[in-house]
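**Q** One structure coming up, written as structure tokens, with questions to follow.
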Amino acid sequence: MTPLVILPGLICDSRMFGETLAAIPDSMVIDGFYGGADRIEAMADYALAQMPERCALLGHSMGARVALEVIRKAPERVERLALVDTGIHPVKPGEQDGRYRLRDLGRVQGMAALVTEWLPPMMGFAGLRDEALMDRLYAMAVSAGISTFEAQIEALLHRPVVDGLLPTIACPTLVAVGRQDQWSPVGQHEAIAAAIPDARLRVVEHAGHMMPAESPQAFNQIVREWLGQPAPIHVQYQVEGEV
2 MTPLVILPGL ICDSRMFGET LAAIPDSMVI DGFYGGADRI EAMADYALAQ MPERCALLGH
62 SMGARVALEV IRKAPERVER LALVDTGIHP VKPGEQDGRY RLRDLGRVQG MAALVTEWLP
122 PMMGFAGLRD EALMDRLYAM AVSAGISTFE AQIEALLHRP VVDGLLPTIA CPTLVAVGRQ
182 DQWSPVGQHE AIAAAIPDAR LRVVEHAGHM MPAESPQAFN QIVREWLGQP APIHVQYQVE
242 GEV
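For what it's worth, our numbering labels the leading residue of the sequence shown as 2, then goes sequentially.
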């Protein structure tokens, strides 16, 4: 089976995907918080340097934006693509202020205070009540540190435009989201799936933005289904904007 490579989101690492790594053979997470990179393009380079020559590529949240940049840079390296709990929109009004407010909170009061405010809105109702899960995700996010948070929000605030890229994606593509994801809602994923030829949309009930950790069994099932889709032996990609 083609190796599965997972690209984590903002201040996340392999602790988000422990049950997936245990359940799916030959899977790996690109850890290391993208080497402190502060641009999506540099994060993609960091991932490409660690990825196998060809893989199934899954990005969660910010990691899905990195995955799209990998597709732009080296589509021949990606046999299939999964975009999970994410977005393709440009920076929204008020987004920079909100991200900088959290950054400033972390600078003044420390990473623990930042994560205490940041994490709960990312969770679904059941996840919020799961103390062990909340403790694990809290420890993961705090361990990233304020410098990593600052670098990654700068990457997100300067994210590349991908509208022209999506229609050129020719590999089997999964678009997945938690039903209770308030940060990246279902409608956003419907638009992403509609823009990518033959993409499949899957919605996981009772989960929020941290769906892979909140509902790992459901997540693993849709990942297995995606991994089992036939993939073309050779894909000819067109240049963005080419007709």
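We treat Cβ as the ideally placed atom computed from N, Cα and C, and that holds for glycine.
From this set, Met2, Pro4, Leu103, Glu20, which residue's C-alpha is nearest Met212's C-alpha?
**A** Glu20
**Q** Suppose the cutoff is 8 Å on Cβ atoms and the five residues either side in sequence are ignored; what does the same chain contact list for Met29 look like?
**A** Pro4, Leu5, Val6, Ile7, Leu22
**Q** Suppose the cutoff is 6 Å on Cβ atoms and the five residues either side in sequence are ignored; what does the same chain contact list for Leu115 look like?
**A** Cβ neighbours of Leu115 within its own chain (closer than 6 Å, five residues either side excluded): Leu103, Leu106, Gly107.
**Q** Hey, quick one: how far does the beta strand (DSSP E) through Met29 stretch, first residue to last?
**A** 28-30
**Q** DSSP state of Thr3, grouped into three classes?
**A** coil
**Q** With a threshold of 8 Å on Cβ separation, who are the neighbours of Ala140 within its own chain once the five nearest residues in sequence on each side are excluded?
**A** Arg16
**Q** From the DSSP secondary-structure annotation, give me the bridge partner or partners of Leu82.
**A** Under DSSP, the beta-bridge partners assigned to Leu82 are Leu58, Thr174.
**Q** So, at 6 Å on beta carbons, what are the nonlocal neighbours of Glu226 in its own chain, with the 5 sequence-adjacent residues on each side left out?
**A** none
**Q** In the DSSP assignment, the beta strand (DSSP E) including Arg160 goes from what residue to what residue?
**A** Looking at the DSSP string, Arg160 is not in any beta strand (DSSP E), and its letter there is neither H nor E.
**Q** Which residues in the same chain have their Cβ closer than 7 Å to the Cβ of Phe18, if we skip the five residues on either side of it in sequence?
**A** Ile7, Val30, Pro213
**Q** On a Cα-Cα basis, can you pick out the residue from Ile197, Ala68, Val204 that is closest to Pro173?
**A** Ile197
**Q** DSSP state of Val204, grouped into three classes?
**A** strand
**Q** I need the straight-line Cα distance from Ile12 to Pro233, nearest angstrom please.
**A** 34 Å
**Q** List the residues that DSSP assigns as beta-bridge partners of Gly179.
**A** Under DSSP, Gly179 shares a beta bridge with Val205.
**Q** Compare the Cα-Cα distances from Pro53 to each of Arg78, Thr149, Leu138, Gly146 and report the closest residue.
**A** Arg78
**Q** Give the C-beta separation of Thr149 and Phe220 to the nearest angstrom, bearing in mind that I take them to be a contact with Cβ-Cβ under 8 Å.
**A** That belief does not hold up - the Cβ atoms of Thr149 and Phe220 are roughly 24 Å apart, past 8 Å.
**Q** Candidates Gln189, Tyr47, Ala171, Glu42: which alpha carbon is nearest Arg81's?
**A** The shortest Cα separation from Arg81 among Gln189, Tyr47, Ala171, Glu42 belongs to Ala171.
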